[in-house]
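Those sequence lines, one after another, are chains A and B.
Position one of the first sequence corresponds to residue 1 (my numbering), numbered consecutively onward.
Position one of the second sequence corresponds to residue 1001 (my numbering), numbered consecutively onward.
Number of protein chains: 2
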Amino acid sequence: MAAKIPTRLHLDEEEIPKYWYNLRSAMKEKPQPILHPGTLEPIDAAGLEAVFCQEPVKQELDETTPLIPIPEGIQDFYRAYRPSGLIRAYFLEKVLGTPAEIYYKFEGTNTSGSHKLNSAGPQAYYAKEEGLRSLTTETGAGQWGTAMAMACAFYGLDLTVFMVKVSAEQKPYRKTLIETYGAELIPSPSETTEAGKAILAQDPHTTGSLGCAISEAIERAMKTDKCRYVLGSVLNHVMLHQSIIGQEAKAALDKYGISPDIIIGCAGGGSNLGGLIAPFMGDKLAGKSQARFIAVEPISCPTFTRGRYAYDFGDTGKTTPLIKMMTLGSGFIPAGSHAGGLRYHGMNSTLSKLFVDGYIEARSERQSEVFDAAVQFMKVEGILPAPESAHAIKAAMDEALECKKTGEKKVILFGLSGTGYFDLSAFMAYNDKTLKDHVPTQEELDRGFASIPDIPQNSSMEK
Amino acid sequence: MAAKIPTRLHLDEEEIPKYWYNLRSAMKEKPQPILHPGTLEPIDAAGLEAVFCQEPVKQELDETTPLIPIPEGIQDFYRAYRPSGLIRAYFLEKVLGTPAEIYYKFEGTNTSGSHKLNSAGPQAYYAKEEGLRSLTTETGAGQWGTAMAMACAFYGLDLTVFMVKVSAEQKPYRKTLIETYGAELIPSPSETTEAGKAILAQDPHTTGSLGCAISEAIERAMKTDKCRYVLGSVLNHVMLHQSIIGQEAKAALDKYGISPDIIIGCAGGGSNLGGLIAPFMGDKLAGKSQARFIAVEPISCPTFTRGRYAYDFGDTGKTTPLIKMMTLGSGFIPAGSHAGGLRYHGMNSTLSKLFVDGYIEARSERQSEVFDAAVQFMKVEGILPAPESAHAIKAAMDEALECKKTGEKKVILFGLSGTGYFDLSAFMAYNDKTLKDHVPTQEELDRGFASIPDIPQNSSMEK
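So this is what it looks like as structure tokens:
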């Protein structure tokens, strides 16, 4: 490399990608289709449009178009906070004493605090274009709810967020932020829906669950005129929108002639990982790259590393369509962990297929070690990472230390998907040395697997 | 303007300014010297070096050097999070329907959440260069403490932060963040210093004050080997470091041939305002610009708009050297306000002199209206502002609306000094409509003025 690579690899505004990259278009073998849970037949656009907006449904079902134009109205939204930073981790490299070059793409400087905004904007935009008046969604930790509240404020749409009750109580400031952006926030379960009432009748003191909040949000959307439901992860149209992360990273690296050898992302539902790797994986599938791809998950919720490849429900209530994916079973109950965004039993279908086909490696990490890495990182790079994102830091540091042993000058790119501002209780636990690691027992896993529906394809195509 | 101005006016890494701008060098009439509180004689370097680091003291006393080189070791630090964003507020302009062009310099994307990091880095660097092992400081709301903790982690120095007890209790996450960066945090008053013990003896249940925390931090520094005290506002070397804000803003605007007509900043101790306006004011003092400068303060703490120009103490304990400044008196007790960073009785001496000489306008704002402006801003620009910074938003919006009336196409630049992530309780109060405005009565002001020391110059030179 002739010119010195700056700490921040910049893209000018006109260099922000104008297309999302549809990774499925590069796959010879596509992911299995989504099935209707009643008929077990592939679901079509009409079936999905009852719940979701039209254009996202079209994108969900589009497996062939490589580049999907980002409408001008969404480019506007992206310009308000993008390009996100692509940073050369000079200080981290120095403290590790590694010959590796480490880069990270940081999605945490927007007010929602994470990459979630990249799909919230498009979903709100399409809803507005379609003539809808309002949207509903659910939120657990609060990142997605905040992102949707911001996007709906920007485009002028009403929004109702069903927030898992225990989260709404533990994170009053997340609630405040969502409400300040003008959204209605309802702790779930609530008396405002039949689904909520039924759960409250069973257990009036329940603290709620993501599965229940999803059910309430969908019910509200279906019963409201000019209203639809939006989801922030797992689905392929969400991953498509998130490809802006990888597209930007690639454009910035290309300007300096840099090709990453190893690309690392944390994996919950897969939207951040899938978005980051999309164009790089496209090159690999086309035989133009030998890069390695590493998904990092918590040892307490080992979807890739200990899960099964099977058709499963997306929610604990078993109401959603069936998705063929790596799953621990919708009945799997992960132990408490501070990386709330990684506590999901399933995984995006495209990433699951790529994993099964050997294109993605996966590893699981203990949260105590993840926080060690996070704190080492923040002391030299300055940035407080989200616990989820810190899983990628841990793996990147391990790969860089491996290079130190071998002397190889590899190029490592990792995704820093969000800020830890709203996770300081986790760092408090780390400082107090009260963080606990839980490795699920085989019995606990088996209880989860038992919840996977028993349909013909599951047994034959199981990994 | 031929080329369209982008939403973000970028500077490449090599365009980050390599000099701080010393505004006093451009002033024909300099601010009055700092006085020793006992002798009432101007204090010299030796007097200040007992408490502060050597190089900052040199900078504090340097009134003539226009450009002070930023050492390579500090440029390194700045590269970790700078340049900060200079953003064209296209969305705000549109919603206001103004012909004005609005730009803002956003200092809130670094983990400390505000501009404070711009001086924390240099102060830690100089301490390390001088061979010190540790530093002490105090923090109220927590921004400065966090910034110093980050800087000391980066340069490898120990740090003790005395945090006002009530803040440490109300903001446990600020405490966590500071501790995670490796600093020792002591709620003040504490039993670890004579100053703290004396106050606790008087009132064991006191919630602490900034004045007391300052006393404890200075005492600890003076009693510790290879240790000094650092301060994050008010002093001229702090404002010098903060000139990086204005230097960057000017460099980015210059690239597009833009000269602001109105420059607006919120004013607490003056470091953010002074840093933002420095090079632009230099042009004005040299007769090269007709720009207007507006300082915005809370109506509850009207230092510029209702204060006096007099020698006064920097702390409520009346232990610091005397500074000639706009002041409400160190005994003035501002009503509770959510803009904690603007609740200071005094003002940087350079800005005070420029105000008295007519170069800076000032206005005070009600916090209810400031929050109205903040929420309107965040809905279109996306960014959650700190309540302090929102004072500048309010004034910028008012100026833009004035342009709408007159049809003038003025260029407005304002400083967005920090993020509101740690101020969500304030937004909660706003949403609940429990925000209160307090306009100090003349009696309250008079009580404050009565605390201003009665020394000859004060009566003769009072404004």
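By construction, the Cβ of each residue, glycine as well, lies at the ideal position given by its N, Cα and C atoms.
Only a predicted model underlies this, so the values are computations on that prediction, with no experimental measurement involved.
*Closer than 8 Å, CB to CB, is threonine 1111/B near chain A or not?*
In the second sequence, counting from the first residue as 1, residue 1111/B sits at position 111. Among the residues facing chain A, threonine 1111/B is included, as its CB has a counterpart in that chain under 8 Å away.
*asked:* If I follow the unbroken alpha helix (DSSP H) through proline 1502/B, where does it start and stop?
replied: No statement about residue 1502/B is possible, as the shown extent of chain B runs from 1001 to 1463 and does not include it.
*Since isoleucine 383/A meets chain B, which of its residues come closer than 9 Å, beta carbon to beta carbon?*
Along the first sequence, read from residue 1 onward, the residue named residue 383/A stands at position 383. Around isoleucine 383/A, the beta-carbon contacts reaching into chain B at under 9 Å are Ala1080, Tyr1081, Asn1110 and Thr1111.
*From the DSSP output, in three-state form, read off isoleucine 87/A for me.*
Along the first sequence, one-based indexing puts residue 87/A at 87. In the structure shown, the three-state DSSP call for isoleucine 87/A is strand.
*Near-chain B residues of the region 395-406 of chain A - C-beta to any C-beta below 7 Å*: Within the region 395-406 of chain A, no residue qualifies.
*asked:* Let me check understanding here. Comparing Cα to Cα, which of Glu361/A, Thr327/A, Asn118/A and Ile333/A lies closest to methionine 347/A?
replied: Start at 1 with the first residue of the first sequence, and residue 347/A comes out as number 347. The candidate whose alpha carbon is nearest that of methionine 347/A is Thr327/A.
*Limits of the beta strand (DSSP E) - the one that lysine 1105/B falls within*: Indexing the second sequence from 1 puts residue 1105/B at position 105. Where lysine 1105/B is concerned, the enclosing beta strand (DSSP E) stretches over 1101-1106.
*Alpha carbon to alpha carbon, what distance is there between tyrosine 1421/B and alanine 1217/B?*
Translated into the one-based positions of the second sequence, residue 1217/B becomes position 217. Translated into the one-based positions of the second sequence, residue 1421/B becomes position 421. Spanning the two alpha carbons is a distance of roughly 27 Å.
*Using three-state DSSP, classify glycine 1336/B as helix, strand or coil.*
Residue 1336/B sits at position 336 when you count from the first residue of the second sequence. Of the three classes helix, strand and coil, the one that applies to glycine 1336/B here is coil, per DSSP.
_For a minimum of 4 consecutive residues, which ranges assigned as the alpha helix (DSSP H) are wholly contained in the region 1204-1229 of chain B?_
Every unbroken stretch of the alpha helix (DSSP H) spanning 4 or more residues and falling wholly within the region 1204-1229 of chain B is given here in chain order: 1210-1223.
*Using the C-alpha atoms, what's the distance from aspartate 357/A back to leucine 159/A?*
As a position in the first sequence, residue 159/A is number 159, starting the count at 1. As a position in the first sequence, residue 357/A is number 357, starting the count at 1. Their backbone Cα atoms lie some 39 Å apart in a straight line.
_Per DSSP, what are the beta-bridge partners of lysine 1324/B in this structure?_
The sequence position of residue 1324/B within the second sequence is 324, counting from 1. Lysine 1324/B is bridged to Tyr1311/B.
*Below-8 Å beta-carbon distance, glutamate 93/A vs any chain B residue*: Numbered from 1 along the first sequence, position 93 holds the residue referred to as residue 93/A. Against chain B, the CB of glutamate 93/A has no partner CB under 8 Å away; the residue lies outside that interface.
*Could you check which residue in Ser215/A, Gly145/A and Glu72/A has the C-alpha nearest to that of isoleucine 178/A?*
Residue numbering aside, residue 178/A sits at position 178 when the first sequence is read from its first letter. Selected option, being the one with the closest Cα: Gly145/A.
*Give a yes or no on contact between the region 439-446 of chain A and the region 1189-1201 of chain B, applying the rule of three or more CB pairs nearer than 8 Å.*
Contact between the region 439-446 of chain A and the region 1189-1201 of chain B is absent, because fewer than three Cβ pairs lie under 8 Å.
_At least three beta-carbon pairs within less than 8 Å, the region 81-96 of chain A to the region 2-13 of chain A_ = Taking a cut-off of 8 Å on C-beta distances, the region 81-96 of chain A touches the region 2-13 of chain A, as three or more cross pairs fall below it.
*Which word fits aspartate 1315/B, buried or exposed, when buried means at least 16 other C-beta atoms lie within 10 angstroms of its C-beta?*
Residue mapping note: residue 1315/B aligns to position 315 of the second sequence, counting from 1. Counting Cβ neighbours within 10 Å, aspartate 1315/B comes out buried, since at least 16 surround it.
*For alanine 1295/B, does the three-state DSSP call read helix, strand or coil?*
The residue given as residue 1295/B occupies position 295 in the second sequence. The answer is strand: DSSP assigns alanine 1295/B an E or B state.
*Between alanine 295/A and glycine 265/A, is the Cβ-Cβ spacing less than 8 Å?*
Stepping through the first sequence from its first residue, residue 295/A is reached at position 295. Stepping through the first sequence from its first residue, residue 265/A is reached at position 265. Yes, Cβ-Cβ distance for alanine 295/A and glycine 265/A is below 8 Å.
*asked:* Taking 7 Å as the limit between beta carbons, can you name the residues of its chain near glutamine 242/A, skipping five residues before and five after?
replied: For the purposes of this step, residue 242/A is taken as the residue at position 242 of the first sequence. Same-chain partners within the cutoff: His115, Asn118, Ser119, Ser271, Asn272, Gly274 and Gly275.
*Grouping DSSP H, G and I as helix and E and B as strand, with all else coil, what is alanine 1130/B?*
Counting from 1 along the second sequence, the entry for residue 1130/B is found at position 130. Reading off the sequence, residue 1130/B comes out as glutamate, not alanine. DSSP places glutamate 1130/B in coil when its eight states are reduced to three.
*If we call anything under 8 Å between Cβ atoms a contact, is isoleucine 1412/B one with alanine 1396/B?*
Along the second sequence, read from residue 1 onward, the residue named residue 1412/B stands at position 412. Along the second sequence, read from residue 1 onward, the residue named residue 1396/B stands at position 396. Going by C-beta atoms, isoleucine 1412/B is nearer than 8 Å to alanine 1396/B.
*Between threonine 65/A and lysine 324/A, what straight-line distance do the alpha-carbon atoms span, to the nearest angstrom?*
Along the first sequence, read from residue 1 onward, the residue named residue 65/A stands at position 65. Along the first sequence, read from residue 1 onward, the residue named residue 324/A stands at position 324. Taking the straight line from one Cα to the other gives about 21 Å.
*asked:* Nearest by alpha-carbon distance to serine 1300/B: which of Ser1233/B, Ile1258/B, His1345/B and Tyr1256/B is it?
replied: Here residue 1300/B corresponds to residue number 300 of the second sequence, with the count starting at 1. If you compare the alpha carbons of Ser1233/B, Ile1258/B, His1345/B and Tyr1256/B with that of serine 1300/B, the shortest gap goes to His1345/B.
*Buried or exposed: where does glutamine 1464/B fall if 16 or more other Cβ atoms within 10 Å of its Cβ makes it buried?*
The requested residue 1464/B is not part of the displayed model; chain B covers only 1001 to 1463.
*Hey, how far is the Cα of aspartate 44/A from the Cα of glutamate 129/A?*
Counting from 1 along the first sequence, the entry for residue 44/A is found at position 44. Counting from 1 along the first sequence, the entry for residue 129/A is found at position 129. Cα-Cα distance, rounded: 22 Å.
*Considering only residues of the region 1009-1065 of chain B, which uninterrupted beta strand (DSSP E) runs meet the minimum length of 3 residues and lie entirely inside it, listed in chain order?*
Correct list: 1019-1021.
*With a CB to CB cut of under 8 Å and the five nearest residues on each side skipped, what residues in its chain are close to glutamate 1462/B?*
If you number the second sequence from 1, residue 1462/B lands on position 462. Low confidence applies to glutamate 1462/B: its pLDDT is 43, below 50, so where it sits in the model is not reliable, and the reading given next is rough at best. Only Arg1308, Tyr1309 and Ala1310 meet the Cβ criterion.
*Apart from the five residues on each side of it in sequence, which residues of its chain come closer than 7 Å, Cβ to Cβ, to glutamine 457/A?*
Translated into positions along the first sequence, residue 457/A becomes position 457. If we look at glutamine 457/A and ignore the five residues flanking it on each side, its Cβ neighbours are Tyr311.
*Straight-line gap, lysine 1022/B to glutamate 381/A (C-alpha atoms, nearest Å)*: Counting from one through the second sequence, the residue named residue 1022/B turns up at place 22. Counting from one through the first sequence, the residue named residue 381/A turns up at place 381. It should be pointed out that residue 1022/B corresponds to asparagine in this sequence rather than to lysine. Between asparagine 1022/B and glutamate 381/A, the C-alpha separation is close to 29 Å.
*glycine 1232/B and alanine 1147/B: beta carbons closer than 8 Å?*
For the purposes of this step, residue 1232/B is identified with residue 232 of the second sequence, where counting begins at 1. For the purposes of this step, residue 1147/B is identified with residue 147 of the second sequence, where counting begins at 1. Closer than 8 Å, so yes.
*Near serine 1259/B, what residues of its chain come up, given a Cβ to Cβ distance below 8 Å and the 5 sequence neighbours on each side ignored?*
Taking the first residue of the second sequence as 1, we reach residue 1259/B at position 259. Exclusion of the five residues before and after serine 1259/B leaves Leu1253, Ser1289, Ala1291 and Val1411 as the residues of its chain whose Cβ lies within less than 8 Å of its Cβ.
*Find the nearest neighbour of serine 1338/B within the set Gly1268/B, Ala1026/B and Ser1330/B, judged by alpha-carbon distance.*
Taking the first residue of the second sequence as position 1, residue 1338/B is located at position 338. Rather than serine, the amino acid found at residue 1338/B in this sequence is histidine. Taking only the C-alpha atoms, the option nearest histidine 1338/B is Gly1268/B.
_Residue burial classification, glutamine 1442/B (beta-carbon count within 10 angstroms, cutoff 16)_ = By one-based count along the second sequence, residue 1442/B stands at place 442. Burial call: exposed.
*May I ask you to list the residues that DSSP assigns as paired with glutamate 1361/B?*
For the purposes of this step, residue 1361/B is identified with residue 361 of the second sequence, where counting begins at 1. Within the DSSP secondary-structure output, glutamate 1361/B pairs in a beta bridge with Ile1294/B.
*How far does the beta strand (DSSP E) with threonine 1160/B in it reach, from first residue to last?*
Within the second sequence, residue 1160/B is the residue found at index 160, counting from 1. It spans 1158-1164 - the beta strand (DSSP E) in which threonine 1160/B sits, taken as one unbroken run.
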